[in-house]
Structure formats: C-alpha cells, structure tokens
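Undergrad: In the UniProt record's numbering, the protein residues as written are 1 to 299.
Cβ coordinates follow ideal geometry from the N, Cα and C atoms, glycine included.
Bear in mind that the values here come from a model prediction, so they are computed numbers and not experimental data.
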C-alpha cells in the first residue's frame with residue numbers, strides 16, 4: 001500500500017511538471033495585450049483616492065482606458081504603453097506599480113503619441129514593468145471632479161496578439177507582422193520593377209516614334225477650268241438649244257442668251273395657252289346660262 005501511494009504521488013508530480021508552462025513565453029517583439037480595470041484596490045477592496053461612488057468610478061475608468069495596450073518585450077524586459085482617453089478633461093498624469101504583495105512604487109512614463117476615441121484625444125504613455133503580474137495604477141487630475149483619481153489596470157496574459165494597433169512601437173515587430181512586412185516589400189519591389197519596365201517601354205516607343213520619317217502627301221495642282229475644257233476630248237455631245245418640239249436646233253448654240261430667249265418663248269406659249277383656256281371657260285359658262293334662261297322663258 002505504501003509503495004502504491006508513493007507511485008501515485010510520483011505520477012502526480014511528474015504530470016504537474018509536464019503541464020507547467022510559463023504564463024508568457026513569447027519572443028521579443030511588439031504585441032497587443034488585453035486588460036481589465038478596477039476603481040478600487042483589487043487587494044483591499046477600497047479606493048485609494050478616497051472616492052465613495054464606486055459604480056461611477058468603475059464606469060469612468062473602464063471607458064478611459066483603451067481596450068488593448070501595447071506590450072513590448074526585449075531582453076527579458078517588459079514595456080507597456082497605456083492609452084488614456086478624455087485628455088481634454090485630465091492633467092498631471094503619473095503612474096505607480098503595485099506588486100502582488102500590495103506594495104507601490106513610482107515609475108516614470110514617456111508620452112509616445114496619441115489617437116482619438118469617443119470624440120476626444122487618447123494620449124499614449126509608455127512605462128517599464130518587471131513582471132506582467134503586477135498592477136498598473138495611473139493617477140490623474142480630473143478637472144470636472146476637481147481632484148486626483150487613482151485606479152488599477154490588470155494585464156490579461158490570455159489575450160495577446162502580434163501587432164501594434166494605434167500605438168507607436170520602438171521594438172522590432174512580432175513574427176506575424178514580419179511576414180506581412182516582407183510580403184509588402186516584395187510587392188513594392190515588384191511594383192517598382194513593373195513601373196521601371198513600363199517606363200522603359202514608353203521610352204522605347206517614344207524613340208521609335210521620333211525615328212520614323214515624316215511622309216509628305218503629294219499635292220496635285222489644278223489649272224484654270226473653263227466650260228470648253230470640260231468638253232475636251234468628248235464626242236457624242238452637242239452644245240445646241242432644244243426647241244419646243246424636242247428637237248435640236250443646230251442654228252442656235254447653247255449660250256445663256258439663247259437659253260433666256262427659249263425660256264421666254266416657253267413662258268409666252270404657256271401664257272397664251274392659259275388665256276385660251278380661260279376664254280373657252282367663259283364662253284361655256286355664258287352658253288350654259290343662256291340655255292337655262294331660254295328654257296325657263298319657254299315654260
């Protein structure tokens with residue numbers, strides 16, 4: 001029985017040893033890490049600034065801190081960049097670190113940049129931490145409240161992704177970003193090569209166009225044209241006037257004067273014809289009227 005218990009204990013120890021993994025074992029680089037916030041001290045349950053409205057305080061600190069912070073790891077050191085919003089209402093921002101034993105230590109902060117959220121500016125502050133298990137405790141003067149406000153930020157080591165988000169990083173990007181960077185560089189290089197090739201082709205086309213001779217179209221000069229020249233070397237045509245009977249009058253040449261006379265004759269002939277038609281019509285009307293008149297008298 002004793003041997004069996006010893007074996008069970010050894011198996012349990014070995015199993016625990018195999019399953020033990022460090023909470024954070026990423027390579028050096030830049031990462032986005034989640035966070036949780038608390039207005040009260042997580043170890044004591046009391047506020048550090050003397051505030052009594054816990055509900056309001058919890059809501060304020062949750063909205064003022066960016067959802068993701070920037071984690072930079074290098075040579076076993078950790079740098080956290082915290083985004084704090086409502087910059088137009090706060091001032092005199094400083095930071096403390098609280099370890100798991102409840103002890104506070106002040107830490108210097110560097111402003112690395114800013115972004116915007118909820119219609120206001122979000123300032124970015126970078127601090128150094130010895131352990132990711134420690135609490136970050138910002139302290140700031142809030143103008144609408146007229147006093148300092150202190151709260152706590154806990155890093156969520158279960159929510160770490162490569163990247164920098166809205167923050168400016170001084171570290172080498174994580175591996176996942178390196179792949180994208182290489183692809184982007186490759187794309188840029190290919191694009192540059194394509195552009196160079198295009199420019200080369202355009203230069204070649206331009207040179208070719210410049211070397212091509214200009215062909216001049218020959219111009220044909222036409223001399224003075226007369227009516228007689230149009231009928232040169234043409235047979236079977238006659239330049240005489242056609243009389244009213246449709247026959248060619250060889251005695252009269254085709255001139256403007258003869259054409260006018262011919263036209264006047266046709267006009268006179270036409271007028272005479274119309275006059276005769278009108279006279280006949282009048283005689284017919286008079287005769288018909290006389291006929292009806294005689295017929296009426298006889299009755």
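1. With residue 70 as the anchor, note down where its beta strand (DSSP E) starts and where it stops.
2. Note down the Cα distance separating residue 138 from residue 70, rounded to an integer number of angstroms.
3. Keeping to the same chain, check which residues put their C-beta closer than 6 Å to that of residue 57; ignore five residues upstream and five downstream.
4. Rounded to a whole number of angstroms, what is the C-alpha to C-alpha distance between residue 140 and residue 94?
5. Please classify residue 30: does DSSP put it in a helix, a strand, or coil?
6. Checking 9 Å against the spacing of the C-beta atoms, do residue 61 and residue 151 come in under that value?
7. Can you check DSSP and say which residues form a bridge with residue 113?
8. Alpha carbon to alpha carbon, how far is residue 46 from residue 170?
9. If we ignore side chains and look at the alpha-carbon of each, how far apart do residue 30 and residue 124 end up?
10. Using C-beta distances below 8 Å, list every residue in its chain close to residue 134, excluding the 5 sequence neighbours before and after it, in chain order.
11. For residue 169, report the span of its alpha helix (DSSP H) as first-last.
12. What are the residues that DSSP puts in a beta bridge with residue 286?
13. What's the gap between the Cα of residue 80 and the Cα of residue 132?
14. Whose C-alpha, out of 86, 167, 110, is nearest the C-alpha of residue 144?
15. Since residue 89 contacts residue 142 with CB under 8 Å, what's their CB separation in whole angstroms?
16. I think residue 160 touches residue 136, with their Cβ atoms under 8 Å apart; what is that distance to the nearest whole Å?
17. Could you please give the first and the last residue of the uninterrupted beta strand (DSSP E) stretch that includes residue 98?
18. Work out the CA separation of residue 26 and residue 75 for me, nearest whole Å.
19. My understanding is that residue 28 touches residue 148, with C-beta atoms under 8 Å, so please give their C-beta distance in whole angstroms.
20. Name the one or two DSSP bridge partners that residue 81 has.
21. Determine the closest residue to residue 42 out of 103, 157, 282, 292, with distance taken between C-alpha atoms.
22. Between residue 112 and residue 168, is the Cβ-Cβ spacing less than 9 Å?
23. Please report the distance separating the alpha-carbon of residue 63 from that of residue 106.
24. Which whole-angstrom value is the C-beta distance of residue 32 and residue 165, which I expect to be below 8 Å?
25. Between the alpha carbons of residue 289 and residue 273, how many angstroms are there, rounded?
26. Which residue wins for smallest C-alpha separation from residue 126, given the options 282, 157, 296, 73?
27. Among residues of its own chain, excluding the 5 on either side of residue 92, which ones have a beta-carbon nearer than 7 Å to its beta-carbon?
28. In angstroms, rounded to a whole number, what distance separates the CA positions of residue 155 and residue 146?
29. Name, in chain order, the residues that DSSP records as bridge partners for residue 150.
TA: The relevant details are as follows:
1. For the purposes of this step, residue 70 is taken as residue 70 along the chain shown, with counting starting at 1. That run of the beta strand (DSSP E) goes 68-74.
2. By one-based count along the chain shown, residue 138 stands at place 138. By one-based count along the chain shown, residue 70 stands at place 70. Computed Cα separation, rounded: 16 Å.
3. In the chain shown, residue 57 corresponds to position 57, counting from 1. The beta carbon of residue 57 sits closer than 6 Å to those of 39, 51, all from its chain and outside the five residues before and after it, given in chain order.
4. Residue mapping note: residue 140 aligns to position 140 of the chain shown, counting from 1. Residue mapping note: residue 94 aligns to position 94 of the chain shown, counting from 1. For residue 140 and residue 94, the distance between alpha carbons rounds to 6 Å.
5. For this step, residue 30 is matched to residue 30 along the chain shown. In the structure shown, residue 30 sits in a strand (DSSP, three-state: E or B).
6. Within the chain shown, residue 61 is the residue found at index 61, counting from 1. Within the chain shown, residue 151 is the residue found at index 151, counting from 1. Yes, the Cβ-Cβ distance between residue 61 and residue 151 is below 9 Å.
7. Indexing the chain shown from 1 puts residue 113 at position 113. Bridge partners of residue 113: 124.
8. Position 46 of the chain shown, counted from the start, is the residue given in the question as residue 46. Position 170 of the chain shown, counted from the start, is the residue given in the question as residue 170. C-alpha separation (whole angstroms): 37 Å.
9. Taking the first residue of the chain shown as 1, we reach residue 30 at position 30. Taking the first residue of the chain shown as 1, we reach residue 124 at position 124. One C-alpha to the other measures close to 15 Å.
10. Along the chain shown, read from residue 1 onward, the residue named residue 134 stands at position 134. Cβ within range, chain order: 97, 98, 99, 100.
11. As a working note, residue 169 is residue 169 in the chain shown. That residue, residue 169, is in no alpha helix (DSSP H); it is neither H nor E in DSSP.
12. In the chain shown, residue 286 corresponds to position 286, counting from 1. Note: residue 286 sits in no beta bridge, so no partner.
13. Residue numbering aside, residue 80 sits at position 80 when the chain shown is read from its first letter. Residue numbering aside, residue 132 sits at position 132 when the chain shown is read from its first letter. A straight-line Cα-Cα distance of about 9 Å links residue 80 and residue 132.
14. Looking up residue 144 in the chain shown gives position 144. Answer by Cα proximity: 86.
15. Indexing the chain shown from 1 puts residue 89 at position 89. Indexing the chain shown from 1 puts residue 142 at position 142. With 8 Å as the limit, residue 89 and residue 142 qualify as a contact, their Cβ atoms being about 6 Å apart.
16. On the chain shown, position 160 is the one that residue 160 refers to. On the chain shown, position 136 is the one that residue 136 refers to. Between residue 136 and residue 160 the Cβ distance is about 16 Å, and since that is not below 8 Å, they are no contact.
17. Residue numbering aside, residue 98 sits at position 98 when the chain shown is read from its first letter. Its beta strand (DSSP E) spans residues 90-98.
18. As a position in the chain shown, residue 75 is number 75, starting the count at 1. As a position in the chain shown, residue 26 is number 26, starting the count at 1. Looking at the two C-alpha atoms, the distance is approximately 12 Å.
19. Within the chain shown, numbered from 1, the residue matching residue 28 stands at position 28. Within the chain shown, numbered from 1, the residue matching residue 148 stands at position 148. Wrong, their Cβ atoms sit about 36 Å apart, outside the cutoff.
20. As a first step, residue 81 must be located in the chain shown, where it is residue number 81. Answer is 70, 126, bridged to residue 81.
21. As a position in the chain shown, residue 42 is number 42, starting the count at 1. Comparing Cα positions, the closest option is 103.
22. Within the chain shown, the letter at position 112 stands for residue 112. Within the chain shown, the letter at position 168 stands for residue 168. It is a contact, given that the beta carbons lie within the stated cut-off.
23. By 1-based counting over the chain shown, the position of residue 63 is 63. By 1-based counting over the chain shown, the position of residue 106 is 106. Approximately 24 Å between the Cα atoms of the pair.
24. Stepping through the chain shown from its first residue, residue 32 is reached at position 32. Stepping through the chain shown from its first residue, residue 165 is reached at position 165. 5 Å between Cβ atoms; contact.
25. Taking the first residue of the chain shown as position 1, residue 289 is located at position 289. Taking the first residue of the chain shown as position 1, residue 273 is located at position 273. If you take the alpha carbons of residue 289 and residue 273, they lie about 25 Å apart.
26. For the purposes of this step, residue 126 is identified with residue 126 of the chain shown, where counting begins at 1. For the residues 282, 157, 296, 73, the minimum Cα distance to residue 126 belongs to 73.
27. Here residue 92 refers to the residue found at position 92 of the chain shown. Answer for residue 92: 140, 141, listed in chain order.
28. For this step, residue 155 is matched to residue 155 along the chain shown. For this step, residue 146 is matched to residue 146 along the chain shown. Spanning the two alpha carbons is a distance of roughly 29 Å.
29. Locating residue 150 in the chain shown gives position 150, where the first residue counts as 1. According to DSSP, residue 150 bridges with 139.
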